[in-house]
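Chains as they are written, first to last, in our numbering: chain A, 129 to 921; chain B, 9 to 295. Working notes, structure below.
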Amino acid sequence: MSESKNNQLDMFAAGLAKLMIKLRWLVILAAIGASIAIGSHASKLEFSNNYRAFFSAENPELLAFEEFQATYTKSDNFLFVLQPRDNSGAFTNDTLAAVEYLTEQGWQIPFALRVDSLSNFQHTYATEDDLIVEDLVSDATKLTPDELAAKQQIALAEPLLRNQLITLDAGVTAVSVVLQYPEIALTEVPEAVAAARALRADVEERFPNVDVHLTGTSMLNNAFSEAVQNDLASLVPAMFIVVLLATVIAVRSVSATAATLIIIILSSTIAMGFAGYTGVKLTGPSPMAPVIILTLAIADSIHILISMRGAMREGLEKRAAIIEATRINFLPVAVTSVTTMIGFLALNLSDSPPFRDLGTITAVGIFAAWFLSVTLLPALLSLAPIRVPQRAANSERGSLMLGFANVVIRHSRLLLVSLTALSAALIAFIPTIELSDQWREYFSPRMEFRSETDKVIEYFGFYPVEFSVPAGDSGGVSEPDYLEKLDAFTEWLRAQPNVTHVYSITDIMKRLNKNMNADDPDFYRLPGDRELSAQYLLLYELSLPYGLDLNDRINIDKSASRVTATLEGTVSTKRAREFFVEVDAWFDQNAPQYKAPPTGPQVMFTYIAQRNVESMIAGTSIAIFAIAIIMILALRSISMGLISLVPNAFPILTAFGVWAILVGEVGFSVAAIAAISLGIVIDDTVHFLTKFMRARREKGLSCADSIRYAFETVGVAIIVNTIVLGAGFLVMTLSAFKINMEMGLLTALTIGLALILDFLFLPALLLLIARFSGETVNTKGDDYVRHTYNAAA
Amino acid sequence: MSDILITRQLRAALFSALLGASSVGVVAAHAQDTSVFEDDPAAKGETPAAIKGYEIAARSDRTDHGFSDSKVDATMVLRNAAGQTSERSLSFSTLEKENESEGDKSLVIFNSPRDVEGTALLSHAKILVPDDQWLFLPALKRVKRIASANKSGPFVGSEFAFEDFTLTELNKFTYAYSREEEVDGAMMDVVERFPRYEKSGYSKQVSWIDQEIYQAHKVEFYDRRGDLLKTLTLSDYREYDGVWRAHKFSMVNHKTNKETDLVYGEYEFKTGLDSGDFVKGVLQRIR
Chain A
129 MSESKNNQLD MFAAGLAKLM IKLRWLVILA AIGASIAIGS HASKLEFSNN YRAFFSAENP
189 ELLAFEEFQA TYTKSDNFLF VLQPRDNSGA FTNDTLAAVE YLTEQGWQIP FALRVDSLSN
249 FQHTYATEDD LIVEDLVSDA TKLTPDELAA KQQIALAEPL LRNQLITLDA GVTAVSVVLQ
309 YPEIALTEVP EAVAAARALR ADVEERFPNV DVHLTGTSML NNAFSEAVQN DLASLVPAMF
369 IVVLLATVIA VRSVSATAAT LIIIILSSTI AMGFAGYTGV KLTGPSPMAP VIILTLAIAD
429 SIHILISMRG AMREGLEKRA AIIEATRINF LPVAVTSVTT MIGFLALNLS DSPPFRDLGT
489 ITAVGIFAAW FLSVTLLPAL LSLAPIRVPQ RAANSERGSL MLGFANVVIR HSRLLLVSLT
549 ALSAALIAFI PTIELSDQWR EYFSPRMEFR SETDKVIEYF GFYPVEFSVP AGDSGGVSEP
609 DYLEKLDAFT EWLRAQPNVT HVYSITDIMK RLNKNMNADD PDFYRLPGDR ELSAQYLLLY
669 ELSLPYGLDL NDRINIDKSA SRVTATLEGT VSTKRAREFF VEVDAWFDQN APQYKAPPTG
729 PQVMFTYIAQ RNVESMIAGT SIAIFAIAII MILALRSISM GLISLVPNAF PILTAFGVWA
789 ILVGEVGFSV AAIAAISLGI VIDDTVHFLT KFMRARREKG LSCADSIRYA FETVGVAIIV
849 NTIVLGAGFL VMTLSAFKIN MEMGLLTALT IGLALILDFL FLPALLLLIA RFSGETVNTK
909 GDDYVRHTYN AAA
Chain B
9 MSDILITRQL RAALFSALLG ASSVGVVAAH AQDTSVFEDD PAAKGETPAA IKGYEIAARS
69 DRTDHGFSDS KVDATMVLRN AAGQTSERSL SFSTLEKENE SEGDKSLVIF NSPRDVEGTA
129 LLSHAKILVP DDQWLFLPAL KRVKRIASAN KSGPFVGSEF AFEDFTLTEL NKFTYAYSRE
189 EEVDGAMMDV VERFPRYEKS GYSKQVSWID QEIYQAHKVE FYDRRGDLLK TLTLSDYREY
249 DGVWRAHKFS MVNHKTNKET DLVYGEYEFK TGLDSGDFVK GVLQRIR
């Protein structure tokens, strides 16, 4: 904590810059060579196409679902929805022929395990002592109008079909293909999707009157990787344009811009190479890493370049200006890099692996940018033909900032009170934010998955919620008490709002009981005898075609059965959560011994935000603590270190408040935003307070004059930096993935608010403290001596 | 309805396995008088590979000739991807087919689980048309004929389909000889076979038949897309007076990672059963 320490650091930085300039060719070659060597691993990067990638191996909802799937069947599927263009309904020769064709061809989709449709629905009925089991529809083109009408009646009366594969008005029908991926290669999903798309095209060509929509969890999985490719193709170029414009405007030199671009490109390359080396599979937020690195990496270079220009304007020759710029920026650049890295590294505590990847990759990129900025940048700049007119318009800019500083100092009390009140008012709205992770809405409407799914949900439910209802002992699913309770549960589910369909073995049991009693409608009820139920199941299994078995409904020792409730595609996350609570209560009240927790992707996504917020509380706390320590060390003052957190915590919270009012709901990226933005927005405070403290300590200036000094020296750089960062994160709002859009917008909002608070609130806070310690504040600033560039320190 | 097709072949495989009938062979030493057999040209085919395949299959199937009838108890152990297991025990009675234009007659009685104890399934296997099947449900005290083209769902929840049980009914397939292969020191003929039954769930099976006792040791089942679906391993072959029976059948489903082991006890042959013991009427009198 001594001046000599600071001087030692300055000397080291200056020496480093000198060395880099001296060995510039070697430095350039080594840096580029090493970057390419590391970056070459980026070719190994792959895009995940499995929604499960969003859940950690320890995620309780994922674990429950994995166990469920190991017991029954995987639930990856394609859902084809067939809609006759002339609205003639599903029960026409043409539409049913399309269903029949699609059902047969569905088996040709790679990894298909089961196909369910109107045509292969196993219709059972009795004639005398025979039990007839047959496809509901075969040879559709030959069916007479009477037969079509009869089949329609059967389908609409069948609880397993109604509202699941056929709409109530019989207008639209669906075919579901369940898949079991080996999960060995990433090519599996695209391969199946290509086949499904080809099949859709084939059906539409053969049956011109039938419009086919394609969705399902396999399309969802595919959409994740398509969204990434979409994002990388559109966002990275957009980001480059932003970065290019920002640099040109900030440094007004083609060669300096080129040098900056080299630094940030190499930083991203190193980070992505690192990601490839560690075998990361990009999905969701993690592909945003290069975009964020481009944004953040530029800040280091811009600070050094602006200082260098300032020094040259003062008359220093280029080489000396580079050394001077490196010297005075060495500490702030290091501190801002470390704080930003801490914020991103904290994401490693997130429950969602793509956020962990995003954090680690970005942290590596920031480290690379920092390292290259103090090594490669001086070497490159020494080669660049940079000329700066001495003492030009700069004084005007500086005086603008000085004038601004004077206004802030004059009105500090008003600013302090009004900003505190305004922030507090906005922060009060935070509890109204609704966590929303409807995975249909994760994708922008320009993505095929979203537009297709939006059409499908007009006719059918979309979000399956699974239950494995335990019967206690082996064979217990045939126990009359169990079946009665299961039936009650099924009926209760059917009566719930937002539930479109319920699949339960009780419907099969009732139908078989009727069939086995000569189709007497009075016997459409549960058998009421354990042995009889068990034997019905055995009979039923013997009569089924392969792929339509009961293995996906009843576990192998028949001690549990599966109930699937499908929820509407428009159901909100909040409503889904309420529904799960209601289910819980139903079991507690009616059948505690058979209690089954809901499971499935819908459940996993319903709680994903909560899980991530919980896991990131620790991450964010650690980040705040670590950043506070860094600030205390960097500013060499405990009180200043702690004060520095205030103008940074406020904008984060205020941004949530603004979001609550303007948008109202947010997905699980919300959990990551506090840690990320704290690491980023504190940079402005670092620059401002470093200059402020230098003025206080080295120049012995008053608090007010130190504020003026800070504004004058780094005010412009902070504004430029904020604009670049804000623009960078706004670019993320172009993402096809809602989570990234929200992350970009919320972070950009936070960065903007941080600038306001750094400029208006922080000075006021510093003055307040000064007044407390008895210092008089000169609000006019008439005894202040101008400094024209920040090298003045 | 490709799923139906899958089942048929599976059933063929399983039945032979389960009933022990088809996988049984009479040893080469016990060479049969093959003149009693008449080859079905539609199954035999015309190309050299088809004929060679057919002949190897025929030699295997016909080693079984003359077993007359058999009785055996078996235990089925089911294992799912989560590692949970479940057991069923069954008794099989089989009556040898009269000629190769039809299949064996069989009676399966379930001994456990307790809930289905006494349930009995009588089947008259056919070659190219749906089998005749009757089921007796003791709780209902009634016999029901099951009229379905697809008795090919998983047999009591196992990885065996009913179709798999009639594995070696010679004329259910056309054949293609593939190659010779040494497996664990034994020379095997590898023969591909293609179901002739329209509703079979399989597109193809590949069987490994040893050259010593002419028995199948492994069968691969390919689904209608042509992807490997299941592998059946037959082991613990024992000889009963010239007739061979495998006592352990292990079926692994590669898609679902589920497995079923079917383990047989000691066989009894020539127990005096006749066709009168394999008619619908006997079902109600079983217990």
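The beta carbon of each residue, even a glycine, is placed where N, CA and C say it ideally should be.
Please go through the same chain and pick out, in chain order, the residues whose beta-carbon is closer than 7 Å to the beta-carbon of Met-148 (chain A), but skip the five residues on each side of it.
-> Val-155, Thr-503, Pro-506 and Ala-507
Taking 9 Å as the CB-CB limit, is Ser-606 (chain A) close to chain B?
-> yes
Leaving aside the five residues before and after Asn-740 (chain A) along the sequence, list all residues of the same chain whose C-beta is less than 6 Å from its C-beta, in chain order.
-> Ser-478, Asp-479, Ser-480, Phe-796 and Ala-799
Under three-state DSSP, which class holds Asn-119 (chain B)?
-> In the structure shown, Asn-119 (chain B) sits in a strand (DSSP, three-state: E or B).
With C-beta atoms as the reference, is Asp-258 (chain A) less than 9 Å away from Ile-154 (chain B)?
-> yes
Residue(s) in a DSSP beta bridge with Thr-503 (chain A) = Bridge partners of Thr-503 (chain A): none, in fact.
Do we get a CB-CB distance below 9 Å when we pair Ala-133 (chain B) with the residues of chain A?
-> no
Should Gln-141 (chain B) be flagged as near chain A, meaning a C-beta pair shorter than 9 Å?
-> yes
Coil, strand or helix - Lys-105 (chain B) by DSSP | Of the three classes helix, strand and coil, the one that applies to Lys-105 (chain B) here is coil, per DSSP.
How long is the line joining the alpha carbons of Arg-653 (chain A) and Lys-638 (chain A), rounded to whole angstroms?
-> The straight-line gap from Cα to Cα measures roughly 5 Å.
Quick one: give me the first and last residue of the alpha helix (DSSP H) that Ile-64 (chain B) is part of.
-> 56-70
Spatial distance of Glu-903 (chain A) from Ala-832 (chain A) (CA atoms) = Computed Cα separation, rounded: 10 Å.
Excluding five sequence neighbours on each side, which residues of the same chain lie with their C-beta closer than 8 Å to the C-beta of Lys-866 (chain A)?
-> Glu-569, Tyr-570, Phe-571, Ser-572 and Gly-795
Got a sec? Which residues, its chain only, sit under 7 Å from Ser-362 (chain A) by beta carbon, not counting five neighbours each side?
-> In its chain, beyond the 5 residues on either side, Leu-862 have a beta carbon closer than 7 Å to the beta carbon of Ser-362 (chain A).
Would you decide whether Pro-121 (chain B) is buried or exposed? Buried here means 16 or more other CB atoms lie within 10 Å of its CB.
-> buried
How many Å lie between Ala-36 (chain B) and Ala-89 (chain B) at the Cα?
-> Per-residue confidence for Ala-36 (chain B) stands at a pLDDT of 39, beneath the threshold of 50, marking its modelled position as unreliable; no derived number is given.
Could you name the residues of the same chain whose beta carbon sits closer than 6 Å to that of Asn-476 (chain A), not counting the 5 residues immediately before and after it, in chain order?
-> Arg-484 and Gly-487
Does any C-beta atom of chain A lie closer than 9 Å to the C-beta of Leu-145 (chain B)?
-> For Leu-145 (chain B), a Cβ of chain A is located within less than 9 Å of the residue's own Cβ.
According to the Cβ coordinates, are Glu-46 (chain B) and Glu-95 (chain B) closer than 9 Å?
-> no
With distances taken between CB atoms, is the gap from Phe-352 (chain A) to Leu-288 (chain A) smaller than 9 Å?
-> Cβ atoms of Phe-352 (chain A) and Leu-288 (chain A): not closer than 9 Å.
Counting along the chain, where does the alpha helix (DSSP H) carrying Arg-232 (chain B) start and finish?
-> Arg-232 (chain B) -> no alpha helix (DSSP H), and no H or E assigned at all.
Taking the alpha helix (DSSP H) that Leu-883 (chain A) falls in, what are its first and last residues?
-> 866-884
In chain B, which residues lie less than 8 Å from Val-261 (chain A) when you measure between Cβ atoms?
-> Within chain B, Ile-154, Ala-155, Ser-156 and Asn-158 have C-beta atoms less than 8 Å from the C-beta of Val-261 (chain A), given in sequence order.
Roughly how many whole angstroms lie between the Cα atoms of Val-439 (chain A) and Phe-175 (chain A)?
-> The residue you asked about is not Val; residue 439 (chain A) is Ala in the sequence shown. Taking the straight line from one Cα to the other gives about 46 Å.
Alpha helix (DSSP H) segment containing Trp-787 (chain A), residue limits | 766-790
Residue range of the alpha helix (DSSP H) that includes Val-859 (chain A) | 831-859
Going along the chain, which unbroken runs of the beta strand (DSSP E) with 3 or more residues stay wholly within the region 168-242 of chain A?
-> 204-212
What residues match up with Gln-141 (chain B) in a beta bridge as DSSP calls it?
-> B:Ser-131
Please list the residues of the region 641-667 of chain A that have a C-beta atom closer than 7 Å to any C-beta atom in chain B, keeping them in chain order.
-> Met-644, Asp-657, Arg-658, Glu-659, Leu-660, Ala-662, Gln-663, Leu-666 and Leu-667
Contact with chain A by Ser-31 (chain B), beta-carbon distance below 9 Å | Caution is warranted here: a pLDDT of 39 is assigned to Ser-31 (chain B), below 50, making its placement in the model unreliable, and no coordinate value can be reported.
What are the partner residues of Asn-261 (chain B), as DSSP defines its beta bridges?
-> B:Lys-238
Give, in chain order, every residue of the region 71-97 of chain B whose Cβ lies closer than 9 Å to some Cβ of chain A.
-> The region 71-97 of chain B vs chain A, Cβ under 9 Å: Leu-86, Arg-87, Asn-88, Ala-89, Ala-90, Gly-91, Gln-92, Thr-93, Ser-94 and Glu-95.
What residues in the region 212-244 of chain B have a beta carbon less than 8 Å from any beta carbon of chain A?
-> Within the region 212-244 of chain B, the residues whose Cβ lies closer than 8 Å to some Cβ of chain A are Asp-231, Arg-232, Arg-233 and Asp-235, listed in chain order.
Do Leu-473 (chain A) and the ligand NAP come close, with the Cβ less than 8 Å from some heavy atom?
-> Only the bare structure without any ligand can be found here, which leaves the ligand NAP out of the picture.
Mind listing the chain A neighbours of Val-124 (chain B)? Cutoff is C-beta to C-beta under 7 Å, in chain order.
-> Ala-662, Gln-663 and Leu-666
Rounded Cβ spacing between Gln-280 (chain A) and Phe-219 (chain A) (contact assumed at less than 8 Å) = 4 Å
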